[in-house]
């Protein structure tokens, strides 16, 4: 099972708590703004914006918030000017880590990310230092607590999934980024409701580490996720199931 799928599952479970703290809405708002700036405020003509709006709706963001974010992206409503960038580095045990950010102050963000690496025994790298270890993929997660994983897997394969990863209580489906929206629609038409759908970096191969080092990497990923400017964090570590359960219960 891929390290990405397990961390993705943890992030999904953290989502409710993040929403209570307001952090999730902040990240979703920034993504809508940046998507609108990139290709306009019409979701019918902007696939990235359609995905951002769907993610906001999945998180129960009020429609007024979504519309305000679109207007800020269009420039019809005053707002903060954000830039997008990616940081790369190495965590404990040589774990490769990629961090996507949207920030209004790059220097501040660099300092925060470098500090998070340093406190966790890692280091911030140069551009391109770990990017070659990852590929962009459409990633769809589905909770399977009350579902038949085999049935979902077959439907995903029939719909053209590149890869299907089965966990204890969820399934993760990988597609090409441009196929993500059609895959989601196909699953929903088959009566399957994804818990999340996003374009993310997925490791080409995973790294095995001992239990203490895995826990250190998980803490680093969590520390990065908690930074206001960070939109997403991925690594190439293959986390053991018992380590995941230990971290979840901590």
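Residue numbers (the working numbering): 992 to 1241.
Ideal Cβ placement from N, Cα and C applies to all residues, glycine included.
Please identify the residue among 1165, 1136 and 1019 whose C-alpha is closest to the C-alpha of residue 1093. Comparing Cα-Cα distances from residue 1093 to each of 1165, 1136 and 1019, the minimum goes to 1019.
**Prompt:** By DSSP, does residue 1231 sit in helix, in strand, or in coil?
**Reply:** coil
Check: DSSP three-state call for residue 1121: helix, strand or coil?
Finding: coil
Quick check on DSSP: helix, strand or coil for residue 1098? helix
### Query
Can the beta-carbon of residue 1228 be found closer than 8 Å to that of residue 1208?
Yes. Within cutoff.
In whole angstroms, what separates the C-alpha of residue 1075 from that of residue 1040? Cα-Cα distance, rounded: 15 Å.
Q. With 16 other CB atoms within 10 Å as the buried threshold, where does residue 1195 fall?
A. exposed
Quick one, are the C-beta atoms of residue 1125 and residue 1193 less than 8 Å apart? yes
| query | Excluding the five sequence neighbours on either side, which residues of its own chain have a C-beta within less than 7 Å of the C-beta of residue 1122, listed in chain order? | reply | 1079 and 1089
- CB of residue 1111 within 8 Å of CB of residue 1048, strictly: no
*asked:* Give me, in chain order, the residues of the same chain whose beta-carbon lies closer than 7 Å to that of residue 1028; leave out the 5 immediate sequence neighbours on both sides.
replied: Contacts found: 1064.
Exercise for review: Report the rounded CA-to-CA distance for residue 1085 versus residue 1113, giving the unit in angstroms.
Suggested key: 8 Å
Exercise. Can you grab the Cα-Cα spacing for the pair residue 1237 / residue 1212, in whole Å?
Key: 15 Å
6 Å Cβ shell around residue 1128 - same chain, five flanking residues per side excluded:
Same-chain partners within the cutoff: 1165 and 1193.
When DSSP builds the beta bridges, which residues end up paired with residue 1191?
1128
Using CA coordinates, which residue listed in 1073, 1055 and 1036 is at the minimum distance from residue 1022?
The option with the nearest alpha carbon to residue 1022 is 1073.
- According to the Cβ coordinates, are residue 1077 and residue 1054 closer than 8 Å? no
Practice item. Please say whether residue 1189 and residue 1234 have beta carbons closer to each other than 8 Å? Key: no
Candidates 1056, 1035 and 1050, of which the one nearest residue 1024 by Cα: 1056
What residues match up with residue 1093 in a beta bridge as DSSP calls it?
1075
Exercise. Give the single residue among 1095, 1105 and 1182 whose Cα lies nearest to the Cα of residue 1137.
Key: 1182
If you count every other CB in all the chains shown that lies within 10 Å of the CB of residue 1176, and 16 or more means buried, which is it?
exposed
Assign residue 1198 to one of three DSSP states: helix, strand, or coil. Of the three classes helix, strand and coil, the one that applies to residue 1198 here is strand, per DSSP.
DSSP state of residue 1160, grouped into three classes?
Correct three-state label for residue 1160: coil.
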